[in-house]
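Visitor: Residue numbers (the UniProt record's numbering): 1 to 324. C-beta: ideal position from N, C-alpha, C; glycine also. If you're wondering where the values come from, they're calculated on a predicted model, not measured in any experiment.
Below is the structure:
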């Protein structure tokens, strides 16, 4: 007859052995959820689905895109910030993510502390476009016109605190001009009113306006990237036009909950960066005027995020913007 102590000891040995096997399970051993904090469609969703498909092939497990819209992207990010830090719940925030860190006064998460940066996926510049009726053929002529007629040029923005809005405010400050911001509920209505001549200018994502530029319905005066766009080779950058602080890029990246093991973060970074170097991925992104990145380590991406938060935070505080 076995003693109770012996039975208990054997039970503990079996339990610990089971834990060891579980701990040694290779990652990933089940599907991964990649949360997109907006409805299907749009740049974030496109980028996430493209990467999810290719990452699934590399990881040997499905990477499933889960749309969790709401709260200017904050609902989905909050879900991931409070998820188990096991590498099975990730998020690709929208481009206003570093802006929201300062704009929203009562976020239920800390942007710098509650998320672990994995990889910078893509960047895209903005294009400064005007209605053809605006008598300016260059950025210099637009600035001269704005200085000659203060508060008569209206610039559309796709919502308070969006990249388009803050780009316009930065331009206003850097060029020393008095132009008026007009807020819209999204980029679609902003472009529509620009085409109709109800506003004079707009900082837009390239894909939303290039067809109108090619059709002669809008005029591009500058781009916010460091280098000219292949699709708009004759349009100068604001940097080369004498405004180096107007190098502005929107971006998409992948994050996990803080506390996710470093080995998992490194594995996901390695796979993400490998996928982003694939020719088919780069070509698909280029069709949407996105630049595939995949050139940062998790630590480098973390530093990039902090720089972006601090930069846009300064602009928001200067403008005294806030959302409760």
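Grouping DSSP H, G and I as helix and E and B as strand, with all else coil, what is residue 219?
Guide: strand
Visitor: If you check the beta carbons only, do residue 184 and residue 157 fall under 8 Å apart?
Guide: Going by C-beta atoms, residue 184 is nearer than 8 Å to residue 157.
Visitor: Using CA atoms only, rank isn't needed, just tell me which of 37, 57 and 135 is closest to residue 67.
Guide: 37
Visitor: Spatial neighbours of residue 19 within its chain, please: C-beta separation below 8 Å, excluding the five flanking residues on both sides.
Guide: The pLDDT assigned to residue 19 is 47, lower than 50, so where the model puts this residue is not dependable; a value taken from the coordinates is nonetheless given after this. Once the five neighbours on either side are set aside, residue 19 has no close Cβ partner at all.
Visitor: Hey, residue 78 and residue 108: beta-carbon distance below 8 Å or not?
Guide: yes
Visitor: Are residue 134 and residue 213 close, meaning C-beta to C-beta below 8 Å?
Guide: no
Visitor: Using a Cβ distance threshold of 8 Å, determine whether the stretch 252 to 271 contacts the stretch 87 to 96, with at least three qualifying pairs required.
Guide: Taking one beta carbon from each stretch, the stretch 252 to 271 and the stretch 87 to 96 have 3 or more pairs nearer than 8 Å; the two touch.
Visitor: What is the DSSP secondary structure of residue 77, reduced to helix, strand or coil?
Guide: helix
Visitor: Using alpha carbons as the reference points, say which of 293, 315, 323 and 312 lies closest to residue 118.
Guide: 293
Visitor: Measure the CB-CB distance between residue 99 and residue 238 and report whether it falls below 8 Å.
Guide: no
Visitor: Out of 55, 48, 42 and 144, which one is the CA nearest neighbour of residue 275?
Guide: 55
Visitor: Please tell me whether residue 50 and residue 284 are closer than 8 Å, where the distance is taken between their beta carbons.
Guide: yes
Visitor: Going by other Cβ atoms of all chains shown within 10 Å of its Cβ, with 16 needed for buried, is residue 32 buried or exposed?
Guide: buried
Visitor: Assuming residue 122 contacts residue 47 (C-beta within less than 8 Å), just tell me the rounded distance between them.
Guide: Right, their Cβ atoms sit about 5 Å apart.
Visitor: At the level of alpha carbons, what is the spacing between residue 320 and residue 150?
Guide: 22 Å
Visitor: With DSSP as the reference, please indicate the residues paired to residue 129 in a beta bridge.
Guide: 202 and 220
Visitor: Sorted by chain position, which residues of the same chain lie with C-beta nearer than 8 Å to residue 75's C-beta, five sequence neighbours on each side aside?
Guide: 37, 68 and 69
Visitor: Since residue 88 contacts residue 30 with CB under 8 Å, what's their CB separation in whole angstroms?
Guide: 7 Å
Visitor: Are the beta-carbon atoms of residue 209 and residue 127 separated by less than 8 Å?
Guide: Yes.
Visitor: Can you tell me the Cα-Cα spacing of residue 309 and residue 250, whole angstroms?
Guide: Residue 309 and residue 250 have their C-alpha atoms roughly 12 Å apart.
Visitor: So what's residue 66 in DSSP terms, helix, strand or just coil?
Guide: strand
Visitor: So what does DSSP say about residue 253, is it helix, strand or coil?
Guide: In the structure shown, residue 253 sits in a strand (DSSP, three-state: E or B).
Visitor: Report the three-state DSSP secondary structure of residue 181 (helix, strand or coil).
Guide: Residue state for residue 181 is assigned as strand, using DSSP reduced to three classes.
Visitor: From residue 323 to residue 25, what distance separates their C-alpha atoms?
Guide: 44 Å
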